[in-house]
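In this text, residue positions in the sequence shown follow the working numbering: the first is 1, and each later residue adds one.
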Amino acid sequence: MDCCAGIVTYNPIIDRLKRNIDGIFFQVSLLIICDNGSANFGDILTLTQENEKIVLIDNFENKGIAYALNRIFEYSIGHTSCEWVLTLDQDSICPMDMISNYLIYCGDSIGIVSPLFRDPNVEYGINTLDENVKSVEHCITSGSFTSTKAWKAIGGFDETMFIDFVDFDFCYRLKKEGYEILQTPSVVLDHTIGTSEQKVVFGKKIILSNHSNMRKYYIARNYIYYRKKNKITDVSQKVAMKKKILKTLLFENDRLGSLRAFLLGWIDGNRIIHGRKPFGWKS
Numbered sequence: 001m002d003c004c005a006g007i008v009t010y011n012p013i014i015d016r017l018k019r020n021i022d023g024i025f026f027q028v029s030l031l032i033i034c035d036n037g038s039a040n041f042g043d044i045l046t047l048t049q050e051n052e053k054i055v056l057i058d059n060f061e062n063k064g065i066a067y068a069l070n071r072i073f074e075y076s077i078g079h080t081s082c083e084w085v086l087t088l089d090q091d092s093i094c095p096m097d098m099i100s101n102y103l104i105y106c107g108d109s110i111g112i113v114s115p116l117f118r119d120p121n122v123e124y125g126i127n128t129l130d131e132n133v134k135s136v137e138h139c140i141t142s143g144s145f146t147s148t149k150a151w152k153a154i155g156g157f158d159e160t161m162f163i164d165f166v167d168f169d170f171c172y173r174l175k176k177e178g179y180e181i182l183q184t185p186s187v188v189l190d191h192t193i194g195t196s197e198q199k200v201v202f203g204k205k206i207i208l209s210n211h212s213n214m215r216k217y218y219i220a221r222n223y224i225y226y227r228k229k230n231k232i233t234d235v236s237q238k239v240a241m242k243k244k245i246l247k248t249l250l251f252e253n254d255r256l257g258s259l260r261a262f263l264l265g266w267i268d269g270n271r272i273i274h275g276r277k278p279f280g281w282k283s
C-alpha cells in the first residue's frame, strides 16, 4: 500500500531535520514538507531540492500547525493515490520499520494508528510489558498514521486553533464520527516535548516541558476552546490540566510570565478568540 509522510517545519535544527528525513524517506512513496515561514528556509530548500520524492510547500509565514497539516493532506489526496499519511514534527526520529508495523493495523474503521514515545531529554522507561495494540481516546500529531478518508470525513484539522490541542480536537471528532484510534507498542518514536527536563522533587521524578510563554498561552486558550466547542465533560482532562499548570508555576523558571500567559489564554479561550495571537513573545 502506498502512503505519504508529512513534516511541518518552523525554524528547524537542520541536522535534526535531516535525521528525521533519513528515517522516513525510504518508507514512503512521497515526503511532503510544509514550512511555516522559517528564517532558515533556504537551508531546508538546499536539503530537499534535489530529491524528486520530496515536495516542499512554502507558507511564507507561520500559519499554524493545523493549516500546515491540512495542506499536507490536500497535496497527498490531490497528487497521489495514498490512502494513509504519516505526520511528523520536525524533531521526531522514526524507526526504520515504522510503516510496515503500522500497515498491519490499517482498516476501514481505523482513523489513526499511533506509536509509543521516547523523549531523548528525559530518562524514563517505556512500557513494553503489554505487547498488544490498544484503542486510545487521543494521540499527538507526530507519529500519527492517519487515514485520508477519515481526514476528509471530519473536514480536516481546525485551523482556528493555530497550535496546541489541534490533535485532541481532531481525535475527538474522529471518535465521534465512529473511527478508532490505535496505539501499537511495536513502534517507538523519538520525540521531544518542548525543551523537556526531569527533576526530582521530594524523592519523586517529575517531567517539565519548559514550553515558551507563548505556547503556554495557546495551551490554556485552546484547552478552553476545545472543551467548549466539543462540549467536553470529562473530568480527568480538567484534573490533568490543573496539575500541568500547577507543576509549571511551582517548578519552571519565569513563574510570573507563565502565570500571565496562562491567565491571558484562559481569558481569550472563554472569549472564543481564535487564530494567531500577535504577541511580542518569542516562539
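We put the CB at the ideal spot given by N, CA and C, even for glycine.
Straight-line gap, Asn-36 to Asp-164 (C-alpha atoms, nearest Å): A straight-line Cα-Cα distance of about 15 Å links Asn-36 and Asp-164.
At least three beta-carbon pairs within less than 8 Å, the region 212-226 to the region 137-151: Taking a cut-off of 8 Å on C-beta distances, the region 212-226 does not touch the region 137-151, as fewer than three cross pairs fall below it.
Extent of the continuous alpha helix (DSSP H) run through Val-235: Looking at the DSSP string, the run of the alpha helix (DSSP H) that includes Val-235 is 235-251.
DSSP beta-bridge partners of Cys-34: Secondary-structure assignment with DSSP links Cys-34 through a beta bridge to Val-8 and Ile-57.
Proximity of Thr-339 and His-79 at Cβ, strictly below 7 Å: Only positions 1 to 283 of the chain appear in this structure, which leaves residue 339 out of reach.
For Val-166, the three-state DSSP class (helix, strand or coil): Of the three classes helix, strand and coil, the one that applies to Val-166 here is helix, per DSSP.
Buried/exposed call for Ile-7, threshold 16 Cβ in 10 Å: Ile-7 comes out buried.
For Gln-183, the nearest candidate out of Tyr-226, Phe-157 and Val-136 (CA to CA): Comparing Cα positions, the closest option is Val-136.
Gln-142 classed as buried or exposed, judged by whether at least 16 other C-beta atoms fall within 10 angstroms: With the sequence shown as reference, residue 142 is identified as Ser, and Gln is not the correct amino acid for it. Burial call: buried.
Contact between the region 101-110 and the region 174-190 (3+ Cβ pairs under 8 Å): Yes, the region 101-110 is in contact with the region 174-190.
Contact set for Phe-117: own chain, Cβ-Cβ below 6 Å, skip 5 residues either direction: Within the same chain, Cβ atoms closer than 6 Å to the Cβ of Phe-117 are found at Leu-189 and His-191, the five residues on either side in sequence being excluded.
First and last residue of the uninterrupted beta strand (DSSP E) at Glu-180: Segment 180-190, the beta strand (DSSP E) holding Glu-180.
Supposed close pair Asp-289, His-138 - CB separation, criterion 8 Å: In this structure the chain extends from 1 to 283, so residue 289 is not present and cannot be described.
Span separating the alpha-carbon of Tyr-105 from that of Glu-83: Going by the C-alpha atoms only, they are around 14 Å apart.
Residue nearest to Lys-63 in terms of C-alpha spacing, selected from Thr-9, Asn-222, Lys-204 and Leu-86: From the listed residues Thr-9, Asn-222, Lys-204 and Leu-86, the smallest Cα separation to Lys-63 is found for Thr-9.
Contact under 7 Å by Cβ, Asn-20 with Ser-38: Cβ atoms of Asn-20 and Ser-38: not closer than 7 Å.
Straight-line Cα distance separating Ile-245 from Asp-169: Going from the Cα of Asp-169 to the Cα of Ile-245 covers about 20 Å.
Beta-carbon spacing of Asp-97, Arg-16 below 7 Å: No. Outside cutoff.
Whole-angstrom C-beta distance between Ile-57 and Ile-24, which should lie under 8 Å: Not quite, the Cβ-Cβ distance comes to about 17 Å (not below 8 Å), so this is no contact.
Same chain, Cβ closer than 6 Å to Ile-140, five either side skipped, listed in chain order: Correct list, in chain order: Asp-167.
CB contact below 7 Å: Ser-236 versus chain C: Of the chains in the structure shown, none is chain C; there is only one protein chain.
Length of the line joining the Cα atoms of Arg-71 and Phe-202: Arg-71 and Phe-202: Cα-Cα distance of roughly 46 Å.
Val-200, buried or exposed, once every other Cβ within 10 Å from all chains shown has been counted against 16: Classified as exposed, Val-200 has fewer than 16 neighbouring CB atoms from the shown chains inside 10 Å of its CB.
Cβ shell of Met-241 (< 7 Å), same chain only, five flanking positions each side left out: Result list for Met-241: Tyr-223, in chain order.
Distance, Leu-250 Cα to Cys-4 Cα: Going by C-alpha positions, Cys-4 is about 42 Å away from Leu-250.
Contained beta strand (DSSP E) runs [length at least 3] in the region 69-106, N- to C-terminal order: For the region 69-106, whole beta strand (DSSP E) runs of length 3 or above, ordered along the chain, are 84-89.
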